[in-house]
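Numbering (my numbering), first residue to last: 154 to 589. Cβ coordinates follow ideal geometry from the N, Cα and C atoms, glycine included.
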């Protein structure tokens, strides 16, 4: 690729044509890619990228051009023959070239002919350690491109064996990598773990069995840095959204970490709020009750912690709204709503009391939406009705709220709220269908 037969004295024609190709509107196709490569063979482009980088605009233009070429079937079919270029690109000083090399690996994994094992090519050419180096030491764009390539690699059985080595002492094990890199690199490794977890249930199982979720838990336990804790909580928030998350997260200490954070007065309000929102997202899925202990002690501890925060009159308003929203998310599942209404004292009372309090509009809106969730607005038709005790508790709490108001009856209470602004009225209409 470095030979004289592929060099060119004047790259201006290549630069102009590459610019036109890179900026041509629409998705690149095989025909266009083949026509371009017939004029400028891949070795010529690579040689120019390696030897003419001082030409203004050439590197960025050729990188953009090659990226579009490799996204086509035609271009991707050439990648196995140019793995040395990928290797060199992954170690280049130029962040643009490193990013291109990472994206080229993604194209290889996505578009390669089924007769060729992309994972084996990655093993044979030592690509995976280079991807990890890009993840740890590259700029933000390089790290993101590397992460996407590793995600795609983990999507195959052979790729999973690379990403999750059987030997826990392997240097490439993500746990060991996290332990020896900088704080920024560690955050990137944790982000990769979350991305991998979302690929599939099989990959999530590999993440769990490799004890990688414990890295996130340890980060919460072992730091007093609010920003670090907040970053990790954001990752847990992403995890909680994954379809198969409940099965694996229920086996960790996450539920205990959340309840202890929510009830910890020394923590920043923003951390407690985030812990509440993660709790709401995690416990909004009825499936989680299949995996936690039958007594629901962990769930009850979270509900109790949120209840405790709402009982404090001096509570931060944003934290209060987060708590009410979290209760609504928990109540969107049948079993969650049942717990909110039947635990003594019922945590749902905070939602109902705030729903009809006109003096705190933010709290009222959050509570009206939460009350609609608890009463079944977001549940399927077959799952709206709660058990007898929960339904009776809901009825009594609404009557109690009415009796403490000047309206005295639920109908009068709802009517008074319907006389407020449009956002409040819309929230009440959702609620009215189910409980009025």
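Terminal residues of the alpha helix (DSSP H) in which residue i lies
i: residue 166; result: 165-175
i: residue 311; result: 310-316
i: residue 437; result: Taken as a continuous stretch (DSSP letters only), residue 437 belongs to no alpha helix (DSSP H), as it is neither H nor E.
i: residue 327; result: 327-333
i: residue 199; result: 195-204
i: residue 509; result: Here residue 509 belongs to no alpha helix (DSSP H), and DSSP marks it neither H nor E.
i: residue 212; result: 211-223
i: residue 179; result: First-last for residue 179: undefined, no H or E at that position.
i: residue 527; result: 514-528
i: residue 301; result: 293-306
i: residue 242; result: 236-243
i: residue 257; result: 248-264
i: residue 545; result: 541-556
i: residue 281; result: 280-290
i: residue 231; result: Run containing residue 231: none; DSSP gives neither H nor E here.
i: residue 269; result: Unbroken run through residue 269: none, as it is neither H nor E.
Supposed contact pair residue j and residue i - C-beta distance, whole angstroms, cut 8 Å
i: residue 240; j: residue 294; result: Not really, about 20 Å apart at Cβ, beyond 8 Å.
i: residue 519; j: residue 478; result: 5 Å
i: residue 229; j: residue 261; result: 6 Å
i: residue 215; j: residue 254; result: Actually they are not in contact, since the Cβ atoms of residue 215 and residue 254 sit about 13 Å apart, beyond 8 Å.
i: residue 251; j: residue 289; result: Not really, about 12 Å apart at Cβ, beyond 8 Å.
i: residue 403; j: residue 444; result: 4 Å
i: residue 546; j: residue 463; result: Going by Cβ atoms, the distance from residue 546 to residue 463 rounds to 17 Å, so no, they are not a contact pair.
i: residue 424; j: residue 383; result: 6 Å
i: residue 233; j: residue 269; result: 6 Å
i: residue 222; j: residue 181; result: 7 Å
i: residue 449; j: residue 492; result: 6 Å
i: residue 377; j: residue 422; result: Actually they are not in contact, since the Cβ atoms of residue 377 and residue 422 sit about 15 Å apart, beyond 8 Å.
Residue i: CB within 8 Å of a non-hydrogen atom of the ligand SAM
i: residue 202; result: Of ligands this structure carries none, so the ligand SAM is not represented either.
task: Within the segment 449-490, note down every full alpha helix (DSSP H) run reaching 4 residues or more, in order along the chain.
output: Listed in chain order, they are 450-463 and 470-483.
- request: Would you list, in sequence order, the uninterrupted alpha helix (DSSP H) runs of no fewer than 4 residues that lie entirely inside the segment 393-421?
  value: The segment 393-421 contains these whole alpha helix (DSSP H) runs: 398-402 and 407-415.
query: Do the segment 308-325 and the segment 367-375 make contact, defined as three or more Cβ pairs closer than 8 Å?
result: The segment 308-325, when compared against the segment 367-375, does not touch it at the 8 Å Cβ threshold.
message: If contact is defined by three or more beta carbon pairs under 8 Å, each pair taking one atom from either stretch, is the segment 457-475 in contact with the segment 546-556?
response: Inter-segment contact for the segment 546-556 and the segment 457-475 is absent: fewer than three beta-carbon pairs are separated by less than 8 Å.
- prompt: Per the contact definition of three or more C-beta pairs closer than 8 Å, is the segment 519-537 in contact with the segment 481-493?
  reply: In the pairwise beta carbon analysis, the segment 481-493 is classified as touching the segment 519-537: at least three pairs are separated by under 8 Å.
field: Complete alpha helix (DSSP H) runs within the segment 330-372 (minimum length 4 residues, chain order)
entry: Correct list: 336-350 and 354-362.
message: With three or more C-beta pairs closer than 8 Å as the rule, is the segment 426-434 touching the segment 402-415?
response: Yes: the two stretches touch, three or more of their Cβ pairs being nearer than 8 Å.
- prompt: Touching or not, the segment 298-305 and the segment 277-287, by the rule of three or more beta carbon pairs under 8 Å?
  reply: Three or more pairs of CB atoms, one per stretch, sit closer than 8 Å, so the segment 298-305 contacts the segment 277-287.
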